[in-house]
Structures are given as C-alpha cells and as structure tokens.
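K.L.:
Numbering (the working numbering), first residue to last: -12 to 152.
Here a beta-carbon is modelled for each residue, glycine too, at the ideal position from N, C-alpha and C.
As the structure is a computational prediction, the values presented were derived from the model and not from experiment.
Dumping the structure here so I can ask a few things about it.
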C-alpha cells in the first residue's frame, strides 16, 4: 500500500510473514510481529485496516529517503512515489533505458521534449529490440501493398505514375 512519510509517499508491498518480520525489524517495531492481530498473513488480512494504521504511524516518523533506505536495508519491497517531473529529471531512469528520447522516424534525430518509455525491467542474458519512433505518414505503404495486396515493385510504381497512390 501507499504510506505517507514526512515529505512524500512510499509504496510498500509485504506479501509474506517473512517480509512482515523484516518490515518490523526495519522500523524497530517488534510489536508488529508480537501483536496477535498481525502475527501471520491471515491475521493481517482480517485486520488489514489496523495493520495499515500501525504501519502508517511508524512510517510517518521518517522522511521518504530514510524510510526507503531502512526498508531496502531489510529487503522489504518498497519504492518512492514520484511525480512525472521527478521521474523525467532522475538520471537513473535515463541510465537504465527506462526513458528514451523519441526519435523522428524520417530524420533519425531526437524530437525536442518528446520522451518514450523504454522497457521497464531488465533481463540478464539478452537484449531487447530498440524502440523506434512512430512512422511518418505512408512510411510502410509499399510493405503493406506487397504483403496485403500482393503487389510487386512494378505494380506499385505504375499506381504511383497513375497517381492512384
């Protein structure tokens, strides 16, 4: 869920008893595992609102950076919630290829202030295809005429000369 820190929201995902225990240790809050209402996954599910309130109370004592660091140090899945502007200005997203300059299909040059999203996850042992810009008007006509209509280069040239296409 989303939790408010002193200066921003933090998304935390805890899906197991082990993660819940790590969350409790990260927040120096043994009561999270000692309280019968939160002692296991089923109990937390039944008492989900109480669990949220308790985690919010604890998280609210930290800055976004401190809370994220503490949870990451204990391998608790979390991520700061960012605005579009924050994402665009974060070099990490550019370095990972999560953000890419949008390229003009005809010129191959970057389009001013246009950004495309890259593939959000990375896999070892393989490369992803490069993202291409949107095609220009008619850019794939010949390919389509050949594949869908069965035309050859001479047929296409004749239709162009007759101003049909």
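According to DSSP, simplified to helix, strand and coil, what is residue 14?
P.N.:
Along the chain shown, one-based indexing puts residue 14 at 27. In the structure shown, residue 14 sits in coil (DSSP, three-state: anything other than H, G, I, E or B).
K.L.:
Beta carbon of residue 85, beta carbon of residue 67: below 7 Å?
P.N.:
Taking the chain shown and counting its residues from 1, one reaches residue 85 at position 98. Taking the chain shown and counting its residues from 1, one reaches residue 67 at position 80. Against a cut-off of 7 Å, the Cβ pair of residue 67 and residue 85 comes out as no contact.
K.L.:
In or out: residue 131 buried (at least 16 other Cβ within 10 Å) or exposed?
P.N.:
For the purposes of this step, residue 131 is identified with residue 144 of the chain shown, where counting begins at 1. When all chains shown are included, residue 131 counts as exposed.
K.L.:
Assign residue 63 to one of two classes, buried (16 or more other C-beta atoms within 10 Å of its C-beta) or exposed (fewer than that).
P.N.:
Residue 63 sits at position 76 when you count from the first residue of the chain shown. With 16 or more Cβ atoms within 10 Å of its Cβ, residue 63 is classed as buried.
K.L.:
Per DSSP, what are the beta-bridge partners of residue -4 in this structure?
P.N.:
The residue labelled residue -4 in the question sits at position 9 within the chain shown. According to DSSP, residue -4 bridges with -9.
K.L.:
Using DSSP bridges, identify the partner residues of residue 135.
P.N.:
Within the chain shown, the letter at position 148 stands for residue 135. None; residue 135 has no bridge partner.
K.L.:
Suppose you measure from the CA of residue 143 to the CA of residue 123; what does that come to, to the nearest Å?
P.N.:
Translated into positions along the chain shown, residue 143 becomes position 156. Translated into positions along the chain shown, residue 123 becomes position 136. Roughly 19 Å separates the two Cα atoms.
K.L.:
Bridge partners of residue 87, per DSSP?
P.N.:
As a position in the chain shown, residue 87 is number 100, starting the count at 1. Looking at the DSSP assignment, residue 87 forms a beta bridge with 103.
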